[in-house]
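Novice: Residue numbers (mature numbering (1 follows the signal peptide of the UniProt record, and there is no 0)): -17 to -1, 1 to 327. Every residue, glycine too, gets a C-beta built ideally from N, C-alpha and C. From a predicted model like this one, the values you see are computed outputs, not experimental measurements.
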Amino acid sequence: MVAYTSLALLGASVAVANPLFPRGNQVRQNQVVTVTMAAPTPSNTAWNAGAVTEYPIHASCNATQRAYIKNGLEETITICRQARDHILRWGNSSSIYQKYFGNASTGEPLGWFTKIVDGDKSDVLFRCDNVDGNCRLPGWAGHWRGSNATSETVICDLSYELRRPLEGMCMFGYNVANGATNFYWASDLLHRLLHIPKVGEGVVEHYSTGKYPGVISMAKTNATWSVRDSDTLQYFALEVYAHDVAVPGIGCAGTYTATSSAPVAAATSSSRAASSVAVSATRSPAAAVSSAAAVISSAVAAVSSVRASAAPAVSSRVADTTCTPHDDHWHCPPGVTPPSSPPS
Ligand SMILES: *[C@@H]1O[C@H](CO)[C@@H](O)[C@H](O)[C@H]1NC(C)=O
Ligand SMILES: *[C@@H]1O[C@H](CO)[C@@H](O)[C@H](O)[C@H]1NC(C)=O
Ligand SMILES: *[C@@H]1O[C@H](CO)[C@@H](O)[C@H](O)[C@H]1NC(C)=O
Ligand SMILES: *[C@@H]1O[C@H](CO)[C@@H](O)[C@H](O)[C@H]1NC(C)=O
Ligand SMILES: *[C@@H]1O[C@H](CO)[C@@H](O)[C@H](O)[C@H]1NC(C)=O
């Protein structure tokens, strides 16, 4: 009783002195205060019951494939955590932030990276059974299953040979400006994760065109979209990891040179498409316009390998109805069926 009373008095003086105590709760002197401790929440009603903390890997992956994919996903989480922590620490004052996200606010990229690091990992599945048969196609290292199963990604065995581990960041002649975003397992799988509705919510998409230069120019002119652009998120995570962790304070940002492989490939197929139109137009000058139009419309109908960026002089109509190659798969506008053969 003595103990209770002094506790009550102590409580009273604290209550009076503390402006956080609402008036009604102020304890009068001599009043006995009973403190009730909350019982621990029963585990079967835990708010996060059933949480999935690791990305699921399908039973079709054998022990080695599983080990590779698990490790790759852990590396993806590593670069995303660093990307998030970099933004949390430096915000938009970071020159890397400004380079990739321009004057956009930090909430959105923070959100995407945090979802991958700490978000629930259900409704995502990596499988190894080549269920759609695409792994037989030359050069295919994996693919999002798209309308066949939007939450699923097939990893083909070629991935295990092609993708580099994160320890090799800034090695092998890689730099951010000229390197492919799928050079490292970590960023390749980041791209694949962003395709999954649970992760990218259909909001993270491919908005920039032309790889690195496209990403850099989008940050300057259209940063609202940079923060939800799949390529931008990959480049940012790679550059931050290189700079903050792999080669601290230095990194390997690189300087873009137009002779790097991806733009060359694009230029080649672009001139091929353009010349086929030019040839048919020259052969029958009278029907030049309709001939060129026929070439265009048949290309559109077949959803051939004419890409949005191909033959820019021909027609802007083509751009809206053609698929664009992205690494080893196509991105097509809604309602357009992707070509049956993979991008060359
Ligand atoms: C897993 O499958 C690949 C081929 O798909 C094979 O090369 C590898 O040896 C297999 N690993 C095990 C442990 O069976
Ligand atoms: C950074 O964010 C602050 C606060 O929103 C804003 O005032 C400032 O203009 C931003 N700076 C850049 C470079 O976007
Ligand atoms: C979906 O399945 C069909 C039939 O198996 C296949 O031809 C097609 O390539 C698959 N789509 C993707 C995106 O893999
Ligand atoms: C910004 O990018 C989005 C997505 O690609 C596009 O729809 C929009 O027209 C662009 N805005 C400007 C001002 O370029
Ligand atoms: C961000 O930059 C764009 C492009 O320069 C500009 O149009 C926009 O007003 C800027 N937004 C803010 C909040 O400064």
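1) Go through its chain and collect everything with a Cβ distance to K98's Cβ below 7 Å, but skip five positions before and after it.
2) Just checking my contact of L173 with A220 at CB under 8 Å: how many whole Å lie between their CB atoms?
3) Against chain B, with Cβ distances strictly below 8 Å, would L141 count as a contact?
4) With DSSP run on the structure shown, which of helix, strand or coil describes W30?
5) Check whether the Cβ atoms of D212 and Y195 lie closer than 8 Å to each other.
6) Taking the alpha-carbon positions, what's the C118 to R128 distance?
7) Using the beta carbon as the reference atom, which residues fall closer than 5 Å to any heavy atom of ligand 4, ordered along the chain?
8) Quick one: residues in its chain with C-beta nearer than 7 Å to the C-beta of T36, no 5 flanking neighbours on either side, listed in chain order?
9) Hey, out of R49, S200, V100 and R64, whose CA is closest to D227's CA?
10) Please name the residue, chosen from H178, Q81 and A21, that lies closest to M201 on a Cα-to-Cα basis.
11) Which of the three DSSP states, helix, strand or coil, is assigned to L120?
12) When the Cα of P121 is compared with those of G237, D140, V114 and C111, which residue comes out closest?
13) State the Cα-Cα distance for the pair S77 and I40, rounded to the nearest angstrom.
14) Any idea what DSSP makes of E184, helix, strand or coil?
15) Whole angstroms are fine: how far does the CA of C44 sit from the CA of A50?
16) Which word fits D101, buried or exposed, when buried means at least 16 other C-beta atoms lie within 10 angstroms of its C-beta?
17) Taking the continuous beta strand (DSSP E) assigned at E135, which residues delimit it?
18) I need the boundaries of the beta strand (DSSP E) containing S126, first residue and last residue.
19) Determine the closest residue to G197 out of V186, V187 and Y218, with distance taken between C-alpha atoms.
20) Run through DSSP, which three-state label would I40 get?
21) Have a look at L177 and F166 and give me their C-alpha separation to the nearest angstrom.
22) Pop quiz: S209 and Y83 are said to be a contact at Cβ under 8 Å. What is the actual Cβ separation, rounded to whole angstroms?
23) What separation, rounded to the nearest whole angstrom, lies between the Cα atoms of T164 and I199?
Specialist: Concretely, from the data shown:
1) V182
2) 6 Å
3) Annotation note: the requested chain B is absent from the structure, which comprises a single protein chain.
4) coil
5) no
6) 12 Å
7) Y190, N205 and W208
8) K104
9) R64
10) Q81
11) coil
12) D140
13) 36 Å
14) coil
15) 9 Å
16) exposed
17) E135 to I138
18) It is His, not Ser, that sits at residue 126 in the sequence shown. Here the beta strand (DSSP E) through H126 covers G125 to W127.
19) Y218
20) strand
21) 17 Å
22) 6 Å
23) 14 Å
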